[in-house]
Amino acid sequence: IEESVGEKNIAELIFVCTHNSRRSHLGQVWASIMAEEFGIPGVKTFSGGTEATACHPNTLAALTAQGVNVKTGEGDNPLQTLSWGTENEALCWSKIYNDAKNPQEDFCAIMTCGSADKGCPIIAGCELRVPCTYVDPKASDGTPEQDATYQERSLQIASEMAWVMQRVDIQS
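Counting from -12, one number per residue, gives the positions in the sequence shown under this note's numbering.
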């Protein structure tokens, strides 16, 4: 999805999952990192859910272990400032997909969980809807496998976002 803004092209991607706490945040962050890594200007990433909860601490721990800096705000659903490189950051907090801070039209909705994909058949303003579902790492919460499971899911999403961004044809 591209929209001309002056001389720049913008692609807005919203990663959608039920609680906007794990997979949708991983998608938002990794798509942004990989767009930068492969030199794709104008990619703006967002996330949202069918419900708002909070960005899960295990999600943040996995990203931190993989080199992303996390600064956490205050409250039950704090604003997370995630940064990498020198000038790059993503703002993450749990919100519904049609939150005023997310694009309202001409965006691509990437459905990261089957429950949200089935439970939300219409995403208003969406130009393109892509089911790209992942197994929820939540099942491992509180188990000895927890950290490994979150690392695995984060790396899976990172590698898939890298695969996608490598195939973007940048028009001059």
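From the three backbone atoms N, C-alpha and C, an ideal C-beta is built for every residue, glycine too.
Sorted by chain position, which residues of the same chain lie with C-beta nearer than 6 Å to residue i's C-beta, five sequence neighbours on each side aside?
i      : result
Ala149 : Met21
Thr32  : Leu0, Gln15, Ala18 and Ser19
Ser70  : Asn56 and Glu76
Ala96  : Ile1, Val3, Ile110, Cys113 and Arg116
Asn193 : Any question about residue 193 goes unanswered here, given that the chain covers just -12 to 159.
By the three-class DSSP mapping on this structure, what secondary structure does residue i have?
i      : result
Lys31  : strand
Glu23  : helix
Gly58  : A small fix is needed here, since residue 58 is Lys in this sequence, not Gly. Looking at Lys58 - three-state DSSP - the assignment turns out to be strand.
Ala145 : helix
Gly14  : helix
Val155 : coil
Ser127 : helix
Identify the continuous alpha helix (DSSP H) that holds residue i and give its terminal residues.
i     : result
Trp71 : Element bounds for Trp71: not the alpha helix (DSSP H) but the beta strand (DSSP E), Gln67 to Trp71.
Asn45 : Pro44 to Ala52
Tell me residue i's beta-bridge partners as DSSP assigns them.
i       : result
Met98   : Val3 and Pro118
Ala(-2) : Val30
Ile83   : Gly36
Cys113  : Phe94
Kindly list the residues whose CB is nearer than 8 Å to the CB of residue i, restricted to its own chain and excluding five residues on each side of it in sequence; keep chain order.
i      : result
Phe25  : Ala149, Met152, Gln153 and Val155
Leu142 : Gln53
Report yes if the CB atom of residue i is closer than 8 Å to the CB atom of residue j, and no otherwise.
i      : j      : result
Gly29  : Asn7   : no
Glu92  : Gly72  : no
His12  : Cys119 : no
Cys42  : Ser81  : yes
Ile157 : Ile27  : yes
State the start and end residues of the unbroken beta strand (DSSP E) segment that holds residue i.
i     : result
Ala77 : Asn75 to Cys79
Under 7 Å Cβ to Cβ from residue i, same chain only, skipping five residues before and after it: list those, please.
i      : result
Thr136 : Pro124 and Ser127
Ser102 : Thr5
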